[in-house]
Amino acid sequence: MSPTPNTASRNVLSTDVEIKGNLRFAGELTFAGKLDGEIHSEGALHLSDEAVVRGNMNLHTAILRGKINGNVSAKDKIEIKSKGELFGDIRAPKLIIEEGATFVGKCEVNPNKSSPLPLPGAPGATKLPEPVIPAKK
Amino acid sequence: MSTTNNNNDSKNVLNSDVELKGTLRFTGEMTFDGKLEGDIQSEGTLNLGDNAVIKGNIAANSVLVRGKVNGNVTAKEKIDIKTKTELFGDIRAARLVMEEGVTFVGQTEVNPNKVSPIAPRPGEPAKPAPAGKPGGF
């Protein structure tokens, strides 16, 4: 019997919690404590305003408040709420940032895998019509 | 007596039929929906339209970003990135708002309250590299 990982198990860690080490969960976690380590999950993480996290996070969905020093990657979506402070890099298909958030780092949010505009003169910048070469006799 | 009233009221509009090569400066407000190859510099407000295509850097007091931008965006006050925007470049502003559905690849430096990152773990490399030039686009 395997536990069903994606049922709504709602885990809660409040402000009195301090963890040193890596944290894994499958369903949902609301975290308001202090963590020195990494978080890995196929589920959803909700950080509260009081949360302090030092370490990288790898999640399906992340809603970030509090203070974070580390990289965050999500399979689906990252939201940085108004009072969130994130120093680290972000990678996700979807990113939402509320006004007031602090975010210093690199960002890779490219849901449609677009590439930057072609440089002037590069192929594709302006399509020239096929030249008609007159047959030389 | 001429104190030119240069800091607002002027509402400039460039529509999607406009193509511009060079540097664009204004002081009041500008709605830009055309193509620009070059920089925008302003102490005012820039509103990009969905059709805007910009290859160059933008510096203004506040910027509302839509369309496609390949370059860095700096705002004294606020950058607002609307859904469907494609931005390849770095961001620096006091405040940043990002809607869901944006493409954004680059670095950010958004630190409204000038907070420093929480102290890194001992023996850990400090923090992400400070925002600078975009990496090789």
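Line order of the protein sequences matches chains A and B. Yeah, the first sequence ends on 137 if you go by the numbering used here, and it's all consecutive. Yeah, the second sequence ends on 274 if you go by the numbering used here, and it's all consecutive. All C-beta atoms, glycine included, are put in the ideal place defined by N, C-alpha and C.
Use the C-beta contact count for residue i: other C-beta atoms within 10 angstroms, 16 or more gives buried, fewer gives exposed.
{"i": "A/K20", "result": "exposed"}
{"i": "B/N184", "result": "buried"}
{"i": "B/A256", "result": "exposed"}
{"i": "A/G55", "result": "buried"}
{"i": "B/D227", "result": "buried"}
{"i": "B/V239", "result": "buried"}
{"i": "A/H40", "result": "exposed"}
{"i": "A/P116", "result": "buried"}
{"i": "B/V252", "result": "exposed"}
{"i": "A/G84", "result": "buried"}
{"i": "B/P254", "result": "buried"}
{"i": "B/E223", "result": "buried"}
{"i": "A/K137", "result": "Confidence is the limiting factor: at A/K137 the pLDDT is only 44, short of 50, which leaves the residue's position unreliable, though a coordinate-based value still follows. Exposed: under 16 other Cβ atoms inside 10 Å."}
{"i": "B/N250", "result": "exposed"}
{"i": "A/T4", "result": "Residue confidence for A/T4 is low, a pLDDT of 46 falling below 50, so the modelled location carries little weight; the figure read from the coordinates is stated next. Counting Cβ neighbours within 10 Å, A/T4 comes out exposed, since fewer than 16 surround it."}
{"i": "B/T350", "result": "One cannot answer for residue 350 of chain B here, as it falls past the ends of chain B, which runs 138 to 274."}
{"i": "B/N207", "result": "buried"}
{"i": "B/V150", "result": "exposed"}
{"i": "B/N248", "result": "buried"}
{"i": "B/R203", "result": "buried"}
{"i": "A/S82", "result": "exposed"}
{"i": "B/D154", "result": "exposed"}
For residue i, list the residues DSSP reports as bridge partners.
{"i": "A/H40", "result": "A/R24, A/N58"}
{"i": "B/N207", "result": "B/K192, B/F225"}
{"i": "A/R65", "result": "DSSP, once it has assigned bridges, lists no residue as partnering A/R65."}
{"i": "B/D121", "result": "Lying outside 138 to 274, the shown extent of chain B, residue 121 of chain B is not represented and no answer is given."}
{"i": "B/T160", "result": "None, per the DSSP bridge assignment."}
{"i": "A/L47", "result": "A/F31"}
{"i": "B/V247", "result": "A/F103, B/A230"}
{"i": "B/K172", "result": "B/E156, B/V190"}
{"i": "B/L183", "result": "B/M167, B/V200"}
{"i": "A/N11", "result": "A/L29"}
{"i": "A/V53", "result": "A/L35, A/I68"}
{"i": "B/L279", "result": "With chain B running from 138 to 274 in the structure shown, residue 279 of chain B is simply not present."}
{"i": "B/A212", "result": "B/A197, B/A230"}
{"i": "B/I255", "result": "Note: B/I255 sits in no beta bridge, so no partner."}
{"i": "A/V109", "result": "B/F241"}
Measuring CB to CB, does residue i end up less than 9 Å from residue j?
{"i": "A/H60", "j": "A/A74", "result": "yes"}
{"i": "A/I68", "j": "A/I96", "result": "no"}
{"i": "B/G165", "j": "B/N152", "result": "no"}
{"i": "A/I90", "j": "A/K113", "result": "no"}
{"i": "A/G43", "j": "A/G66", "result": "no"}
{"i": "A/G100", "j": "A/F87", "result": "no"}
{"i": "B/R148", "j": "B/E174", "result": "Per the sequence presented here, residue 148 of chain B reads as Lys, with Arg not at that position. Taking 9 Å as the Cβ cut-off, B/K148 and B/E174 do not qualify as a contacting pair."}
{"i": "B/F163", "j": "B/A189", "result": "no"}
{"i": "B/D217", "j": "B/G193", "result": "no"}
{"i": "B/A197", "j": "B/K219", "result": "no"}
{"i": "B/R232", "j": "B/V210", "result": "no"}
{"i": "A/V12", "j": "A/L29", "result": "yes"}
Relative to the ligand MN, is the shortest distance from any of its heavy atoms to the C-beta of residue i smaller than 8 Å?
{"i": "B/K148", "result": "As presented, the structure is devoid of all ligands, the ligand MN included, so that no description of it is given."}
Whole beta strand (DSSP E) elements within the segment 68-107 of chain A, 3-residue minimum: For the segment 68-107 of chain A, whole beta strand (DSSP E) runs of length 3 or above, ordered along the chain, are 72-80, 85-87, 94-97.
Given 8 Å, three or more beta-carbon pairs between the segment 29-49 of chain A and the segment 8-19 of chain A: Flag = yes, the segment 29-49 of chain A and the segment 8-19 of chain A touch.
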